Amino acid sequence: MIIVLKQNISESSKNEIKKFVTSKGYQIREIVGEDETVLGAVGSGSLDIREVELFEDVQKVIPISKPYKLASRQLKMADTIVKVKNVKIGGKRIVVIAGPCAIESREQIMSIASEVREAGAVMLRGGAFKPRTSPYSFQGLKEEGLKYLKEAGEKYEMPVTSEIVNPKDVEMMSHYIDMYQIGARNMQNFELLKAVGKQGMPVLLKRGMCATIEEWLMAAEYLMASGTDQVVLCERGIRTFETATRNTLDCSAIPVVQKMTHLPVIGDPSHATGMRDMVAPMSLALVSSGASGLIIEVHNNPKQALSDGPQSLYPSQFEKLMRDVEVLSPVVNKSLEKTPRILQPSLFKKEKVENSLKTIAYQGERGAYSELAVRRIFDESFGVLTCKTFSDVFDSILNGKAKYGVVPVENTLGGTIYDNVDLLLKNPEITVVGEQQVRIVHNLIGFEGSTLDRIKKVYSHPQGLSQCSEFLKNKLPLAEALPFFDTAGSVSYIKKLKDKSIAAIAGLPAAEYNGMSVLEEGIESNPLNYTRFYVICLNSDAEVWRSTSSLNKAALTFSVEDRPGCLYSSLEIFTKNEINMKKIESRPVPGKPWSYRFFIEVTFPKIENLKKIEKEMNESTHGYRVLGSFTQTV
Ligand code: PEP
Ligand code: MN
């Protein structure tokens with residue numbers, strides 16, 4: 003039953019109710035929601051609802067009609083976000099777990115972990131106990147395998163999951179893994195569910211191959227009743243009369259389950275199909291169906307794999323799939339979680355690191371979208387320097403206050419950010435060494451406990467307000483939209499006002515940095531809103547970046563004479579050298595009215611292609627300069 007408590011109930015009164023209900027043979031879960039606090043009471047005791055309703059501080063008591071109680075949406079309306087170390091599963095995220103079916107050796111799991119991490123997986127999988135159909139098949143490396151899995155997860159900064167098949171291994175496995183996996187064959191192994199649930203750790207619960215959705219949720223209920231609320235469901239295909247695929251992927255289970263439970267649900271296209279060429283299309287189908295993530299088998303040598311080779315993707319296929327998932331996610335109003343491609347601190351080993359050498363400058367306040375880009379590139383050992391203007395970012399690099407800068411150059415809705423292009427053209431001492439894309443997810447941010455119906459004023463940068471116009475029109479028709487000079491700044495501003503009727507629109511880091519609450523996530527009208535940033539530094543500091551990456555993109559500038567065919571003939575030099583033009587803009591030359599220079603971005607197979615054109619470009623254009631060469635990431 004769900005016991006809805008009156009607002010402002012005292013702790014002692016709440017404890018009294020809990021004591022009474024527990025004494026009748028029930029377990030209690032307290033769920034603190036935005037508007038009300040409820041107690042979920044489950045158990046086999048006998049209790050007349052009226053006895054609970056008699057307590058003064060009880061608003062009402064609602065019986066849970068479903069056989070699954072703790073897992074049901076009736077008990078908890080809001081989506082559960084399962085946290086596996088730093089990875090959050092659920093909500094508006096798409097989370098990808100990848101790795102081999104079975105851990106075969108230390109080298110194998112290390113190599114696969116490195117490849118899936120590079121492609122964007124945020125968790126690593128690998129079986130150590132393999133429940134195989136045949137007793138003669140490879141049964142797994144057991145504890146030795148778990149040691150390698152843990153080592154790989156630590157090295158490549160991914161939490162790890164592995165299947166448990168025997169209740170006696172619960173304690174041993176807890177030292178190696180971050181999330182237990184309960185396999186399809188064990189979904190109704192109730193002793194195993196109870197033992198794993200008791201541990202209180204996150205659990206990935208596969209759907210049994212002959213299980214109905216309700217039976218699957220009852221298995222989740224076992225885990226939850228035993229002591230964990232961190233359960234992720236996984237649709238992995240069910241047994242039907244069809245033999246063309248290993249199982250039949252039940253995509254329609256995803257929206258059904260989401261109505262029935264608050265727990266996140268992900269999909270396993272590898273076991274559902276059994277064949278590698280079907281994994282990519284079914285992954286996209288799962289994301290389209292609303293799955294919160296995928297678990298995918300990847301192997302560095304699938305032909306020699308000791309288990310499930312035919313369904314394991316080659317790392318290159320996985321990488322391509324991740325790019326497709328990233329593009330598809332915004333269509334379903336979600337975004338792919340990626341572990342930042344951190345600049346390896348080892349890059350800096352050779353240098354004497356002083357504070358200014360580990361400082362990154364960006365424009366905006368703490369929590370600005372630029373800071374998101376910074377954190378996708380640089381790890382936490384780097385500090386940040388917030389600047390008022392883009393020009394201040396360039397200056398702080400020139401005067402040695404910061405080693406690197408991160409500045410936006412283009413937005414998919416707004417186009418080129420000319421200020422930064424012009425600053426690059428103006429400052430030949432500064433060069434581009436990298437690019438990074440960030441999806442702009444706007445959130446309505448306010449005070450804890452505030453609700454949409456209370457909001458009377460919303461502050462944000464004019465662009466933030468206009469990009470959320472539909473949300474404002476439909477959900478906050480009476481609220482006044484007020485422009486502010488900066489999105490993150492609007493959050494620190496409203497924080498000072500201490501008024502629950504005021505909210506701001508900004509990115510998640512702004513809410514986190516200011517200790518404010520997200521009242522509604524992802525409120526932008528167009529989810530295909532991305533900003534591309536450049537990483538910039540002094541020419542003299544560029545070598546450390548360029549020497550460690552494969553350069554295949556560059557930003558260039560030149561101008562041409564004012565006569566027919568001049569631009570055409572300079573671009574012909576690109577064609578001859580396999581240089582592909584991605585973008586061209588013309589910018590006015592300061593001090594020379596009505597004359598222009600071009601800002602061009604190009605890609606090429608090898609840096610040698612770019613080096614080769616230098617002489618010819620110098621001869622046929624004016625002021626040819628490479629503004630920076632880097633690795634294409636967008
Ligand atoms: C696995 O993930 O390797 C596995 C055995 O999956 P399932 O339990 O879904 O068959
Ligand atoms: Mn497998």
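Residue numbers for the sequence shown follow the working numbering, so the first one is 3 and each next one is one higher.
Built from N, CA and C at the ideal position, the CB exists for glycine as well.
Here the structure is a predicted model, which is why all the values come from computation and not from measurement.
Pair within 7 angstroms by beta-carbon distance, residue i and residue j
i: SER503; j: ARG456; result: yes
i: ILE91; j: SER294; result: yes
i: TYR371; j: VAL408; result: no
i: THR163; j: MET181; result: yes
i: GLY147; j: ILE184; result: no
i: THR361; j: LEU400; result: no
i: PRO430; j: ILE419; result: no
i: ILE525; j: PHE473; result: yes
i: MET284; j: ILE240; result: no
i: VAL84; j: PRO257; result: no
i: GLU514; j: THR635; result: no
i: ILE297; j: ILE609; result: no
i: ALA43; j: MET226; result: no
i: GLY369; j: ALA246; result: no
i: GLU237; j: ALA255; result: yes
i: ASN582; j: THR605; result: yes
i: LYS261; j: SER228; result: no
i: ILE507; j: SER462; result: yes
i: TRP547; j: VAL376; result: no
i: PHE632; j: LYS584; result: no
i: PHE600; j: ILE615; result: no
i: ASP421; j: PHE392; result: yes
Spatially closest choice to residue i from the options, by CA coordinates
i: VAL167; options: TYR138, ALA130, TYR150 and TYR158; result: ALA130
i: ASN528; options: TYR570, LEU484, ASN541 and VAL443; result: VAL443
i: GLU328; options: GLY210, LEU573, ALA123 and VAL233; result: ALA123
i: LYS8; options: VAL54, PHE560 and ILE298; result: VAL54
i: LYS68; options: GLU145, LEU219 and ASN191; result: LEU219
i: ILE268; options: GLY311, LYS94 and PRO133; result: LYS94
i: ALA505; options: THR623, LYS458 and LEU540; result: LYS458
i: PHE396; options: LEU425, ARG377 and PRO332; result: LEU425
i: LYS305; options: MET277, ASP326, ARG325 and GLY292; result: MET277
i: ASN191; options: MET203, ARG209 and SER176; result: ARG209
i: GLN29; options: GLU13, SER14 and SER46; result: SER46
i: GLU373; options: PHE535, HIS624 and PRO137; result: PHE535
i: ARG335; options: PHE600, TYR406 and ILE96; result: Going by the sequence as given, residue 335 is Asn instead of Arg. Of the candidates PHE600, TYR406 and ILE96, the one whose C-alpha sits nearest the C-alpha of ASN335 is ILE96.
i: LEU427; options: ILE602, LEU151 and SER290; result: ILE602
i: SER398; options: ALA483, LEU540 and GLN469; result: LEU540
i: ASP564; options: ASP381, CYS103, HIS624 and LEU446; result: HIS624
i: THR242; options: HIS264, VAL259 and THR275; result: THR275
i: PRO271; options: VAL259, THR263, HIS264 and THR250; result: THR250
i: GLU156; options: ARG134, LEU126 and PRO137; result: LEU126
Terminal residues of the alpha helix (DSSP H) in which residue i lies
i: GLY199; result: 192–200
i: GLN634; result: Where GLN634 is concerned, there is no enclosing alpha helix (DSSP H), given that its DSSP letter is neither H nor E.
i: PRO317; result: 317–330
i: CYS568; result: 568–578
i: VAL423; result: 420–428
i: GLY466; result: 464–469
i: SER372; result: 371–379
i: LYS20; result: 13–25
i: ILE399; result: 392–400
i: THR275; result: 271–275
i: PRO283; result: 278–290
Rounded Cβ spacing between residue i and residue j (contact assumed at less than 8 angstroms)
i: LEU499; j: LYS477; result: LEU499 to LYS477, Cβ: 21 angstroms. No contact.
i: ILE19; j: LEU41; result: 7 angstroms
i: TYR70; j: ALA222; result: 7 angstroms
i: THR24; j: GLU32; result: With 8 angstroms as the limit, THR24 and GLU32 do not qualify as a contact, their Cβ atoms being about 12 angstroms apart.
i: VAL234; j: PRO161; result: Rounded, the Cβ-Cβ distance is 12 angstroms, inconsistent with contact.
i: SER318; j: GLU299; result: That pair is no contact at about 15 angstroms.
i: ASP488; j: GLY366; result: 6 angstroms
Residue range of the unbroken beta strand (DSSP E) whose run includes residue i
i: LYS585; result: 582–590
i: LEU126; result: 125–127
i: ARG441; result: 432–441
i: PRO257; result: Looking at the DSSP string, PRO257 is not in any beta strand (DSSP E); the run it does join, the alpha helix (DSSP H), is 255–262.
i: PRO161; result: Unbroken run through PRO161: none, as it is neither H nor E.
i: LEU7; result: 4–7
Contact with chain C by residue i, beta-carbon distance below 7 angstroms
i: LYS584; result: Of the protein chains in the structure, only one exists, and it is not chain C.
Sequence ranges, alpha helix (DSSP H) only - wholly within the segment 596–627, length at least 4: 609–614 and 616–622
What residue ranges within the segment 197–230 form continuous beta strand (DSSP E) runs of no fewer than 3 residues, ordered along the chain? Listed in chain order, the complete beta strand (DSSP E) runs (minimum 3 residues) inside the segment 197–230 are 205–208.
Mind pulling the alpha helix (DSSP H) runs of 4 or more residues that sit fully within the segment 499–554? 510–516 and 545–548
Taking the runs of the beta strand (DSSP E) that are 3 residues or longer, which of them lie wholly in the segment 51–129? 60–64, 84–86, 89–91, 95–101 and 125–127
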